[in-house]
Amino acid sequence: MNVSVEKWGLFEAEFPGPVEGNPFAEARLSAVFSDGAASVEVPGFYDGAGSYRIRFMPDRRGEWRFATKSGDASLDGIEGAFSCIENKAGNHGPVGLREEFHFRYADGKPYFPFGTTCYAWIHQSRELQELTLRTLAASPFNKLRMCVFPKHYDYNHNEPELYPFPGSPEAGFDVTRFNPAFFRHLERRILDLQGLGVECDLILFHPYDRWGFSDLGPEADERYLRYLVSRLSAFRNVWWSMANEYDLFIREDGSVKKDADEWDRLGRLVQEQDPYGHPRSIHNCLKLYDHSKSWVTHSSIQRIDHYKTAENTAEWRDLYGKPVVIDECAYEGNINHGWGNIPGQEMTRRFWEGCARGGYVGHGETYVHPRDILWWSHGGELHGSSPARIAFLRGIVESAPGPLEPVPKPAGSLFNPNWDVAAGRAGEDYYLFYFGFCQPSFRVFDLDPGKAYRVEIIDTWEMTIRELEGRFLGKFRVEMPGKPYIAVRIARAD
57 MNVSVEKWGL FEAEFPGPVE GNPFAEARLS AVFSDGAASV EVPGFYDGAG
107 SYRIRFMPDR RGEWRFATKS GDASLDGIEG AFSCIENKAG NHGPVGLREE
157 FHFRYADGKP YFPFGTTCYA WIHQSRELQE LTLRTLAASP FNKLRMCVFP
207 KHYDYNHNEP ELYPFPGSPE AGFDVTRFNP AFFRHLERRI LDLQGLGVEC
257 DLILFHPYDR WGFSDLGPEA DERYLRYLVS RLSAFRNVWW SMANEYDLFI
307 REDGSVKKDA DEWDRLGRLV QEQDPYGHPR SIHNCLKLYD HSKSWVTHSS
357 IQRIDHYKTA ENTAEWRDLY GKPVVIDECA YEGNINHGWG NIPGQEMTRR
407 FWEGCARGGY VGHGETYVHP RDILWWSHGG ELHGSSPARI AFLRGIVESA
457 PGPLEPVPKP AGSLFNPNWD VAAGRAGEDY YLFYFGFCQP SFRVFDLDPG
507 KAYRVEIIDT WEMTIRELEG RFLGKFRVEM PGKPYIAVRI ARAD
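Throughout the sequence shown, residue numbering follows the numbering used here, covering 57 to 550 in sequence.
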């Protein structure tokens with residue numbers, strides 16, 4: 057039978073194999089795929105009940121052949137073939153880096169991350185999971201931060217339906233084996249996100265744990281990562297986040313569960329095991345990780361100051377030389393924790409600050425709920441005022457002639473005239489100035505006197521755009537509304 061798979065789709069082959077002993081730990085299976093021009097070796101995995109699987113994401117049209125490799129004779133040397141056909145509309149391939157500070161899909165389409173967080177949504181009731189997907193479908197968010205493991209923290213004390221390892225909280229877990237039903241459920245939800253055009257920023261470890269999953273030990277950690285990557289790396293919308301708050305993995309006696317060297321080892325392991333090079337990051341609480349590490353593709357940052365976050369975007373770009381994604385700038389909401397009670401205006405301001413400075417910012421929401429269903433962990437419904445404004449900003453960013461970069465200081469000048477405003481530029485003749493909580497009644501701009509520009513006043517809260525009459529050249533004055541949350545867009549007139 058001739059099997060066909062779209063480019064950047066998912067090819068899967070299943071083989072029967074041995075069940076003796078512990079196939080999760082003992083079986084070794086891979087396959088070499090080739091289209092005649094290039095060869096790629098991908099790891100396989102045991103899926104329980106005597107079933108072994110190989111998954112592959114082809115990146116070129118044409119005929120592909122494969123042959124398995126295994127120490128077990130029944131799984132070694134199995135050959136097969138399939139056809140890779142044109143990708144369907146909406147399938148742009150996996151996300152990778154674009155130049156130094158930005159992202160693009162494999163087909164070249166720019167990707168601007170506008171993310172949100174639902175840490176434990178796949179560990180809630182099936183009804184709530186479906187509601188989360190419907191909410192995401194109507195939202196502006198194209199990236200979702202979520203955990204593999206269930207979470208134990210304030211507002212989140214429910215027991216999950218499925219566990220990653222066989223066993224129970226009462227009897228303990230056998231971490232030398234895996235629970236295929238858990239991982240199949242995870243895969244279904246990742247594919248649900250893919251269908252919505254949402255990248256899955258998958259958090260591989262986190263410290264909010266009552267089951268022991270944050271302290272499996274080095275050997276079990278490595279076995280888990282190898283298994284996870286072999287199952288999921290062929291999914292085009294997967295990103296790897298090694299940890300949420302890597303610096304909080306502390307035992308009750310004060311000892312560290314995973315130190316900097318161990319995080320580095322695990323990050324390099326994921327890099328080596330993933331044949332597709334999906335984006336890789338690690339997330340901090342109190343201390344920034346060294347994002348200059350070679351296995352890190354982009355900075356995933358949580359605020360380290362009560363107030364200042366996105367204002368540091370250009371500094372982090374310079375420090376690490378990589379895209380800056382502020383995945384946690386605090387959450388819109390009204391809970392008791394300081395990280396979870398900023399208003400929608402402030403969430404919106406932080407998004408604009410980060411984007412205008414050449415970076416990206418993530419959303420989260422933590423409003424008090426009678427049944428403790430908070431979007432940041434459970435999913436469900438959005439109640440805040442920022443998502444609509446984030447959608448407005450996303451439209452502006454995606455309509456620009458390129459990704460925004462910080463406006464440089466004029467050559468030969470000791471003074472940057474834009475020191476007091478977040479100023480971004482796309483190409484040579486497109487500018488976006490964001491004034492945040494400042495409220496000037498006018499502003500003087502000094503641009504190329506040989507070019508004519510059109511000027512627009514953007515009210516980022518009211519979501520309005522008003523173009524000023526006439527064309528502007530050189531040094532000119534713009535009358536402003538004298539209210540907060542105003543941006544000015546200046547572009548060369550056609």
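Backbone N, C-alpha and C fix where the C-beta goes; we use that ideal spot for every residue, glycine too. Quantities reported herein were computed from a predicted structural model and do not represent experimental measurements.
Per-residue DSSP class, three states only, for residue i
{"i": "L260", "result": "strand"}
{"i": "T404", "result": "helix"}
{"i": "A370", "result": "helix"}
{"i": "C411", "result": "helix"}
{"i": "V417", "result": "strand"}
{"i": "Y332", "result": "coil"}
{"i": "D248", "result": "helix"}
{"i": "Y487", "result": "strand"}
{"i": "T232", "result": "coil"}
{"i": "P379", "result": "coil"}
{"i": "D346", "result": "coil"}
{"i": "D502", "result": "strand"}
{"i": "V61", "result": "strand"}
{"i": "P443", "result": "helix"}
{"i": "T353", "result": "coil"}
{"i": "G133", "result": "coil"}
{"i": "F239", "result": "helix"}
{"i": "I452", "result": "helix"}
{"i": "I398", "result": "strand"}
{"i": "G323", "result": "helix"}
Same chain, Cβ closer than 6 Å to residue i, five either side skipped, listed in chain order
{"i": "K507", "result": "R548"}
{"i": "F80", "result": "Y102, R233, F234"}
{"i": "L524", "result": "V511"}
{"i": "N300", "result": "I259, H262, H339"}
{"i": "F528", "result": "Y509, V511"}
Counterpart residues of residue i in DSSP-defined beta bridges
{"i": "N78", "result": "Beta-bridge pairing links N78 to no other residue."}
{"i": "R99", "result": "This sequence places Pro at residue 99; Arg is not what is there. In DSSP, P99 forms a bridge with S86."}
{"i": "I338", "result": "I338 pairs with nothing; no bridge assigned."}
{"i": "L200", "result": "T172, C256"}
{"i": "W120", "result": "F138"}
{"i": "Q358", "result": "E384"}
{"i": "I513", "result": "R522, V544"}
{"i": "G70", "result": "Gly is not the amino acid found at residue 70; the sequence shown has Glu there. In DSSP, E70 forms a bridge with R109."}
{"i": "D315", "result": "Its beta-bridge partners do not exist; DSSP assigns none."}
{"i": "L153", "result": "F159"}
{"i": "E461", "result": "R481"}
{"i": "S224", "result": "G228"}
{"i": "S433", "result": "Answer by DSSP bridge pairing: none, since S433 is not bridged."}
{"i": "T188", "result": "Beta-bridge pairing links T188 to no other residue."}
{"i": "V534", "result": "R499"}
{"i": "P166", "result": "R160"}
{"i": "N212", "result": "Y209"}
{"i": "F471", "result": "In the DSSP output, where bridge partners are listed per residue, F471 has none listed."}
7 Å CB neighbourhood of residue i in its chain, flanking five on each side removed
{"i": "D128", "result": "G73, P74, A83"}
{"i": "H347", "result": "S355, Y376, K378"}
{"i": "Q495", "result": "G538, K539, P540"}
{"i": "L258", "result": "M202, V204, V294, W295, W296, S297"}
{"i": "A237", "result": "L218"}
{"i": "G414", "result": "F157, T369, A370, R373, L460, E461, P462, G480"}
{"i": "P505", "result": "L529, G530"}
{"i": "D163", "result": "H148, G149"}
{"i": "G483", "result": "P457, G458"}
Beta-carbon proximity list for residue i, same chain, < 8 Å, skipping 5 on both sides
{"i": "R160", "result": "V151, G152, L153, R154, P166, Y167"}
{"i": "A193", "result": "L252"}
{"i": "G438", "result": "Per the sequence shown, residue 438 should be read as Leu rather than Gly. Correct list, in chain order: T191, S195, E421, W431."}
{"i": "V326", "result": "L260, L281, V285, W296, M298, R336, W351"}
{"i": "D271", "result": "D265, F305, R307, K313"}
{"i": "S60", "result": "F138, S139, C140, I141"}
{"i": "M519", "result": "A444, R445, F448"}
Closer than 8 Å to chain C by CB, residue i
{"i": "P464", "result": "In the structure shown, chain C does not exist; there is a single protein chain."}
Closer than 8 Å is the cut-off here; do at least three beta carbon pairs connect the segment 487-504 with the segment 532-545? Counting Cβ pairs under 8 Å, three or more are found: they touch.
Which whole runs of the beta strand (DSSP E) in the segment 250-312 are 3 residues long or more, in chain order? Taking only runs of at least 3 residues, the beta strand (DSSP E) segments lying wholly in the segment 250-312 are 255-261, 294-299.
If you pair each beta-carbon of the segment 95-105 with each one of the segment 144-157, do three or more pairs fall below 8 Å? Contact between the segment 95-105 and the segment 144-157 is absent, because fewer than three Cβ pairs lie under 8 Å.
Under 8 Å: do the segment 464-481 and the segment 406-417 share three or more Cβ pairs, one atom per stretch? The segment 464-481 vs the segment 406-417: in contact.
Counting pairs of beta carbons, one from the segment 196-205 and one from the segment 172-179, are three or more of them closer than 8 Å? With contact defined as three or more Cβ pairs closer than 8 Å, the segment 196-205 and the segment 172-179 are in contact.
When the Cβ atoms of the segment 300-311 are set against those of the segment 255-263, are three or more pairs found closer than 8 Å? Segments in contact, yes.
Tell me, please, whether the segment 385-396 touches the segment 420-430 by the rule of three or more beta-carbon pairs shorter than 8 Å. These segments touch.
Cβ pair count under 8 Å reaching 3, the segment 224-231 against the segment 91-99: Contact fails: fewer than three Cβ-Cβ distances are below 8 Å.
Are the segment 176-192 and the segment 244-257 touching, with three or more C-beta to C-beta distances below 8 Å? Here the segment 176-192 lies against the segment 244-257, with 3 or more beta-carbon pairs under 8 Å apart.
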